[in-house]
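As C-alpha cells, the structure follows; a few thoughts come after it.
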Amino acid sequence: MSHETILQGVDNAELREVFTERLELVEHKLKFIESMPVAFVGMSNEANLALLPYVEAAGGMLVDAANLGVYVIYGEEGAGLNKLMSQVPALIDQEWQAVKNNRVALINLDFYNLEEVKDRVSFVEDLAEILHPGFFIFGNEGNAWIRFGN
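Heads up: take any position in the sequence shown, counting from 1, add 651, and you land on the working numbering.
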C-alpha cells in the first residue's frame, strides 16, 4: 500500500524519510501477519469509513458493520476514553465475534491531530498495536487507547 495519503503535506525530505521508515517498519512486520477485518465505529455504532487508509496501513480490512469485525474499535471525536468506557457497554452486542473473543478497543481520536503527519503515523502505529498485540508496542496504550474487556 502506498503511504502517500498518510504522508501528504510533508515537504521536508528528512522528516519524510523518518515517517516513511516508521510506516515501513509496520508494513514489514505485517507481511507475516494475516490482515484482520476491523469495524471502526462511533457511538452510534456506524462505521467510520474515512479511516480506511489508516486501518489498511495498520494491517486491517475495514468493514462497514460492527458485527462483521474480528476487531471492533470505538472512537469518536469529542469522546475521550472515560466517555467511551461509560457508554460503550450499552452499545455492544454479546453475539459479535469481536466481543466473544475480547477484541474490542476504545481509542481517543482527540489524542491525534490527523492534520499533522506525526499524529497520522502514530495513529497507524497504535492501530497496528491494537490489531496485532504482541507484534507492536508503541507506548500509547492507556493514554490514547485501551483494550475493552467485558
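Cβ atoms here follow ideal geometry from the backbone N, Cα and C, with glycine treated the same way.
Between which two residues does the alpha helix (DSSP H) containing L782 stretch?
Taking the first residue of the sequence shown as 1, we reach residue 782 at position 131. First-last of the alpha helix (DSSP H) with L782: V768 to L782.
Distance check for E668 and G660, CA to CA, integer angstroms please.
Indexing the sequence shown from 1 puts residue 660 at position 9. Indexing the sequence shown from 1 puts residue 668 at position 17. G660 and E668: Cα-Cα distance of roughly 13 Å.
From the DSSP output, in three-state form, read off V661 for me.
As a first step, residue 661 is located in the sequence shown; it is residue number 10 there, counting from the start. Reduced to three states, the DSSP call for V661 is coil.
Am I right that I890 and A708 are in contact with their C-beta atoms under 8 Å? What's the rounded C-beta distance?
In this structure the chain extends from 652 to 801, so residue 890 is not present and cannot be described.
Of the residues H679, E728, I724 and L760, the one placed nearest Q748, counting alpha carbons only:
Counting from one through the sequence shown, the residue named residue 748 turns up at place 97. Among H679, E728, I724 and L760, the Cα nearest to that of Q748 is on I724.
What number of angstroms, rounded off, separates the C-alpha of G693 from the C-alpha of G710?
Numbered from 1 along the sequence shown, position 42 holds the residue referred to as residue 693. Numbered from 1 along the sequence shown, position 59 holds the residue referred to as residue 710. The alpha-carbon atoms of G693 and G710 are separated by roughly 20 Å.
What's the C-alpha gap between G637 and I797?
The displayed coordinates of the chain run from 652 to 801. Any statement about residue 637 would go beyond what the structure contains.
Is DSSP giving L735 helix, strand or coil here?
Within the sequence shown, residue 735 is the residue found at index 84, counting from 1. If DSSP states are grouped into helix, strand and coil, L735 belongs with the helices.
If you reduce the DSSP assignment to three classes, tell me which class F691 lands in.
Numbered from 1 along the sequence shown, position 40 holds the residue referred to as residue 691. The answer is strand: DSSP assigns F691 an E or B state.
Is it true that the CB of A779 sits closer than 8 Å to the CB of V689?
Your numbering for residue 689 matches position 38 in the sequence shown. Your numbering for residue 779 matches position 128 in the sequence shown. No, Cβ-Cβ distance for V689 and A779 is not below 8 Å.
Using a Cβ-Cβ cutoff of less than 6 Å, which residues in the same chain neighbour L765 once the five nearest sequence positions on both sides are dropped?
Residue mapping note: residue 765 aligns to position 114 of the sequence shown, counting from 1. The residues are R771.
So for L765, helix, strand or coil by DSSP?
Position 114 of the sequence shown, counted from the start, is the residue given in the question as residue 765. It is coil, neither helix nor strand.
Just verifying my parser: in three-state terms, what is the DSSP assignment at F683?
The residue labelled residue 683 in the question sits at position 32 within the sequence shown. Correct three-state label for F683: coil.
Does the structure place the stretch 726-733 close enough to the stretch 741-759 that three or more beta carbon pairs sit under 8 Å?
yes
Beta-carbon gap between V775 and L700 smaller than 8 Å:
Start at 1 with the first residue of the sequence shown, and residue 775 comes out as number 124. Start at 1 with the first residue of the sequence shown, and residue 700 comes out as number 49. The answer is no: Cβ separation not under 8 Å.
Paired residues, beta bridge with E707 - DSSP
For the purposes of this step, residue 707 is identified with residue 56 of the sequence shown, where counting begins at 1. In the DSSP secondary-structure assignment, E707 is not bridged to any residue.
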